[in-house]
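In this note's numbering, the protein residues as written are 54 to 336.
Ideal placement from N, C-alpha and C gives every residue a C-beta, glycine not left out.
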């Protein structure tokens, strides 16, 4: 069995633990691969090293991401492209979507024996029409349309299956998956959604209205966002809080459920609501 181990190189504890993780799995008979950027931190003649993260993940059976939720989400987008399951080991503050804490390292051998479950998570697809060309992106958590550096509201129209359903004067709108319902959307007043439900949640950000509330759309919904001035260089779209795209000259924004999914590995019997209780409700 081939494992790709990807630590967040900005977290020393994650780097150190990746060496422990690799040694444990190798002794169980697994093949271990790292990115070449990890070679100076975790070197062994028994491991292989790849220059490209897509090749690393594509050529592996299972991926292990060491870091916080952001690290896992970034890697999960690539895992979804190649249909590879991923385990997140938490070295962040919250670790809501990671499947293992560092103190539970003795459970790693279950990855080799197959004694684990996977939690399938839906993704969102973003399509941007830019001068007649379509660019497509996937999001694990959310897609956010918002103002940039200027402190002012923007005016957005939202269409469902080609028909306008509402206009918003707000800081922006968040489109999220059930996985992302516990992230930015929750902070903006959105609901917590069980990840087993296939849907899209739209949450306005600081709407200039007493009656603007989050809306949940079915899995077959196709949503479009129109904004007042397409030449405005201060409106951005953000994917999973990690990738920003200026919407100047973007002719059409489409959000829908992606055909891809990501399988998050879970070790142990902890379910979504137990995680909610430990990570959010007790905070």
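The C-beta distance from residue 227 to residue 256 rounds to 4 Å, short enough to fall under 8 Å. Around the beta-carbon of residue 216, fewer than 16 other beta-carbon atoms lie within 10 Å, marking it exposed. Rounded to the nearest whole angstrom, the C-alpha separation of residue 252 and residue 103 is 36 Å.
One Cα belongs to residue 92, the other to residue 59, and the distance between them is close to 11 Å. For residue 77, the uninterrupted alpha helix (DSSP H) run begins and ends at 65-80, by DSSP. With contacts defined by Cβ atoms closer than 9 Å, residue 196 and residue 229 form a contacting pair. With fewer than 16 other beta carbons inside 10 angstroms of its own, residue 63 counts as exposed. Residue 107 counts as exposed, since fewer than 16 other beta carbons sit within 10 angstroms of its beta carbon. Considered as a whole, the region 98-157 harbours 106-111, 122-135 as its complete alpha helix (DSSP H) runs of no fewer than 4 residues, in chain order.
Here residue 86 is bridged, per DSSP, to 57, 101. In this structure, DSSP gives residue 225 an extended state, which the three-state scheme calls strand. Straight across, the Cα-Cα distance linking residue 71 with residue 119 is about 7 Å.
For residue 57 against residue 86, the beta-carbon gap comes to about 5 Å, under 8 Å, which counts as contact.
Setting aside the 5 residues that flank it on each side, residue 333 is surrounded in the same chain by 235, each with a C-beta closer than 7 Å to its C-beta; the list follows chain order. Between the alpha carbons of residue 157 and residue 267 lies a gap of roughly 37 Å. Residue 144 is positioned such that its CB atom lies no closer than 9 Å to that of residue 328.
About 7 Å separates the CB atoms of residue 115 and residue 54; that is less than 8 Å, so the two are in contact. Between the beta-carbon of residue 224 and that of residue 259 there is about 4 Å, and that keeps the pair under the 8 Å contact cut.
Within the same chain, 217, 220, 279 come within 6 Å of residue 210 by CB-CB distance, once the 5 residues on both sides are set aside. Per DSSP, the beta bridge partners of residue 314 are 175. Out of 154, 140, 127, 89, the CA that lies nearest to the CA of residue 66 is found in 154. Within the DSSP secondary-structure output, residue 195 pairs in a beta bridge with 229.
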